[in-house]
Each structure stands twice: as C-alpha cells, then as structure tokens.
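S.K.: Going by my numbering, the residue at position 147 of the sequence shown is 1296; the numbering climbs one at a time, nothing skipped.
One structure coming up, written as structure tokens, with questions to follow.
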Amino acid sequence: MDEFNSLSLDTLCAALCRVMGVEPPKEAAEAAQVIVDYADKKFNREKADRLFMYNPDAIGQWIQKKYPEFMDDTLDRTELHVPFATVMPSVTPVCFATMYTGAQPKVHGITTYKKPVLTIDTIFDAFIRAGKKAAIVADTTCSIGKIFLERDMDYFIYETVPEINAKACELILEDKYDLIVVYNENFDAVMHHKGPEDPNTLAQLTENSQVFSVFCELIRNNWKSHNTLLGFAMDHGCHEIDAGCGSHGL
C-alpha cells in the first residue's frame, strides 16, 4: 500500500450504533459518517433493526486486493467497502476491543495480547440498554468469546469453525436477535503456520467468503421484514515473517 488508511477502526462502533438508532458506547469515537450515510440511503432514512457482523480473523486489505478471485462470493455482495486503519499493537484482543467499544487501546485497557473481560462500555452494553437482544457466536479460546463476557446477552461457544457457522445459521433462522456477532479463526490459524499467500491459507479465504455468502442468502430470504446491515469486518491484517510463516502486530 502506498499510504495508510485515514479512517480509524475506532469509528466503526458508533457508526453501527447510529445506523441502528442506538446511543453509542460512552467512550466511542465519532461515527464513520460514510457508513451512516450509506445506511440512510439504503433504508430510505429509516433505521436498521438488525445488525449481523461476521468477523474472520486477520484477512489483510492487501490480501483482498491481490487475490480478489478468492473472495468473489463476498465481493459480489459488497455494496460499501470501507478501509480502516487498525490500532496498535495489531493483535486480536486489542483490535476487537476497539472495534466494539469505539475506544483506543489506552482507553479500553487492552494493550497487549491478553483477554480480560472489558469493564468499559461496549456496543453490547449499548444495545442492551436500548432493549435489544445480542448474541456472540465464537470459539472457546478466542478474544471475542472472552473479552465481552459478563453481559446480559447470549453466548454460543464452540470448539470448531463449522459448529460456529452452523449455529449462526440457526440463529438467523430463529430471527430473534437484533445483533449477532460471528467469529471465525481459520484464516488466521493457517496463516501463522503457512504464511499469508500459501495455497492452504488462501483456501481459508475462500471458505470465509463462501460462509459469508451463505449468511447473506439466509438473511435475504428469512429477514425480509427487517432492515438489516451486514458487515464483513476484520480485526487486523497480516504479513510474512521468517521461514515463510505469517504474523501481525510486529
């Protein structure tokens, strides 16, 4: 990339809240207006009443640009592409904490690769205050499944990515949650061992894209009475290091 993205990841949280008509978390940065404007036009100035966030780990912007053919299913369904500048250190708990609090690391308190339960106000707290029902679907060891615990919401925690995605499909069909956050670790896991551009890693990229397309179609067919905002949002990117392995946050 020739230049850094100018829009900080901390602007996403308030934007998602504004689109849903929810007061953002107390420490959230100002909303990314491009998302608010998109939703206003998309929903004819009405608010969204469903938010579905798919969070595959570590898919860098440069990967998507270099290998778009591996993400056809997602790119074909993308109406708005917003490149964010992630926060540093760019490791998973730090970045997802910023994504869903709207606060910089020094404010939300996670500044290293640790996974404490956040005590700062989050998007989940904001939705709960607004009387909305939220759910997280994630794995047993991931950051999203740990740092947002201890809220009055539902957590569906599984061992494997297929179990996670099957449960997400089930929740879509149930149509009772206003906010669903789904985390997949498969790209990140393979990338660390094989490197970002290894065929096995790129196969995970395709898997994430296809999974998102399934979510999109289920929502399109089963949430017809709702104004739904869907997001495919990564925490950070990735790069190659010594011995052909992959990493991030260095």
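Beta carbons are placed, not taken as given, at the ideal position from N, Cα and C, and that holds for glycine.
Note that this is a predicted model, so its numbers are computed, not measured.
Between Asn1376 and Asp1324, what straight-line distance do the alpha-carbon atoms span, to the nearest angstrom?
M.R.: Rounded to the nearest angstrom, the two C-alpha atoms are 13 angstroms apart.
S.K.: Does the region 1180-1193 come within contact of the region 1261-1273, defined as at least 3 CB pairs closer than 8 angstroms?
M.R.: Not touching, per the Cβ criterion.
S.K.: Roughly how many angstroms lie between the CA atoms of Ser1442 and Asn1370, to the nearest whole one?
M.R.: Examination of residue 1442 is not possible in this model, given that the chain is present from 1150 through 1399 alone.
S.K.: Please look up how many angstroms separate the CB atoms of Gln1253 and Asp1384, rounded, as I've assumed it's under 8 angstroms.
M.R.: About 15 angstroms; that fails the 8 angstroms criterion.
S.K.: For the beta strand (DSSP E) holding Gly1380, just list the boundary residues, first then last.
M.R.: 1377-1381 is the span of the beta strand (DSSP E), which, as asked, contains Gly1380.
S.K.: Starting from Phe1201, follow its DSSP beta bridges and name the residues at the other end.
M.R.: Phe1201 is bridged to Ile1329, Leu1379.
S.K.: How should Lys1215 be labelled, buried or exposed, when 16 other C-beta atoms within 10 angstroms of its C-beta is the threshold for buried?
M.R.: Classification of Lys1215: exposed, given that the 10 Å Cβ count is below 16.
S.K.: Counting along the chain, where does the alpha helix (DSSP H) carrying Phe1410 start and finish?
M.R.: As displayed, the chain neither begins before 1150 nor continues past 1399, which places residue 1410 out of reach and without an answer.
S.K.: Where do the N-terminal and C-terminal ends of the alpha helix (DSSP H) with Asp1222 fall, by residue?
M.R.: Element bounds for Asp1222: 1221-1224.
S.K.: Would you report the Cα separation of Pro1242 and Pro1232, rounded to the nearest angstrom?
M.R.: In a straight line, the C-alpha of Pro1242 is about 20 angstroms away from that of Pro1232.
S.K.: Label Ser1374 either buried or exposed according to how many other C-beta atoms from any shown protein chain fall within 10 Å of its C-beta, with 16 as the threshold for buried.
M.R.: Label assigned to Ser1374: exposed.
S.K.: Which partner residues of Asp1288 appear in the DSSP bridge assignment?
M.R.: Beta-bridge pairing links Asp1288 to Tyr1307.
S.K.: Are Asp1206 and Glu1389 close, meaning C-beta to C-beta below 8 angstroms?
M.R.: Cβ atoms of Asp1206 and Glu1389: not closer than 8 angstroms.
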